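Q:
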Amino acid sequence: MELINLLQAGLTIIIGVIIVQIISKYVEKIKGTKKFKQLIKNNPYNAAITWYLSYFVKLGMYIIVSLIAIGFLGFAQPLLWLVAVIMTLSIIGVLIYSLRDLIPSAFAGAYLLNSKVIKKGDRLSIRSFKGKVKEVSLLTTTLEGEKGGIIIVPNKIITEKVLKVSKNKL
Numbered sequence: 405m406e407l408i409n410l411l412q413a414g415l416t417i418i419i420g421v422i423i424v425q426i427i428s429k430y431v432e433k434i435k436g437t438k439k440f441k442q443l444i445k446n447n448p449y450n451a452a453i454t455w456y457l458s459y460f461v462k463l464g465m466y467i468i469v470s471l472i473a474i475g476f477l478g479f480a481q482p483l484l485w486l487v488a489v490i491m492t493l494s495i496i497g498v499l500i501y502s503l504r505d506l507i508p509s510a511f512a513g514a515y516l517l518n519s520k521v522i523k524k525g526d527r528l529s530i531r532s533f534k535g536k537v538k539e540v541s542l543l544t545t546t547l548e549g550e551k552g553g554i555i556i557v558p559n560k561i562i563t564e565k566v567l568k569v570s571k572n573k574l
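Residues in the sequence shown are numbered from 405 upward in steps of one, following the working numbering.
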């Protein structure tokens, strides 16, 4: 291994880390925008969504920088492809696992929105909670509790656990 290869790999890592930090700050700014907050409002998973967004953007960029640096060190191309495939499959696995609750709620929300089974003003009884539907969104349904207060329920629970629906009765 030549000194020039070590210098190229080291310089790649240094420049890569700087670029990752700059892009991470940009992602943080996006997360703070009004449009992004509106996109994830009333979502019980919004903290997880924003954390995973930042984490996976950073992780992906660090993996790319690492693979480029390893390439400068002269490792065999098939080894790099093997590492890239393993890392990609790992990231896909983690993403699928992390979205295991979000995806069913999104499908349930699409069903509720399209079928109009539950509409604003309907009364629901879910487990021990009773309330009047205030809003049905893609991921959650917002209820006004009988004793006051707001109850935000993931749509997955609505489709699985609703005991009673009373249409537009007060």
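Ideal placement from N, C-alpha and C gives every residue a C-beta, glycine not left out. Nothing here was measured: the structure is a model prediction, and the numbers come from that model.
My parser needs the beta strand (DSSP E) runs of 3 or more residues fully inside the segment 499-564; what are they?
A: Complete beta strand (DSSP E) runs here, min 3: 527-530, 533-540, 544-549 and 554-558.
Q: Please check the pair Val-431 and Ser-458, which I expect to be a contact at CB under 8 Å, by giving their CB distance rounded to whole angstroms.
A: Their Cβ separation, rounded to whole angstroms, is 6 Å, which keeps Val-431 and Ser-458 in contact under 8 Å.
Q: Going by C-alpha distance, which of Val-487, Ala-510, Ala-514 and Asp-526 is nearest Gly-549?
A: Selected option, being the one with the closest Cα: Asp-526.
Q: Can you check whether the CB of Ala-510 is closer than 8 Å to the CB of Leu-547?
A: Taking 8 Å as the Cβ cut-off, Leu-547 and Ala-510 do not qualify as a contacting pair.
Q: Check whether the Cβ atoms of Ile-562 and Leu-516 lie closer than 8 Å to each other.
A: Result yes, Cβ atoms of Ile-562 and Leu-516 sit closer than 8 Å.
Q: So, do the segment 530-542 and the segment 479-496 have three or more beta carbon pairs nearer to each other than 8 Å?
A: Output reads no: the segment 479-496 does not touch the segment 530-542.
Q: Measure the C-alpha to C-alpha separation of Thr-545 and Lys-565 and round it to an integer number of angstroms.
A: Their Cα atoms are separated by approximately 13 Å.
Q: By how many angstroms is the C-alpha of Ile-417 removed from the C-alpha of Glu-539?
A: When rounded, the distance between both Cα atoms is 48 Å.
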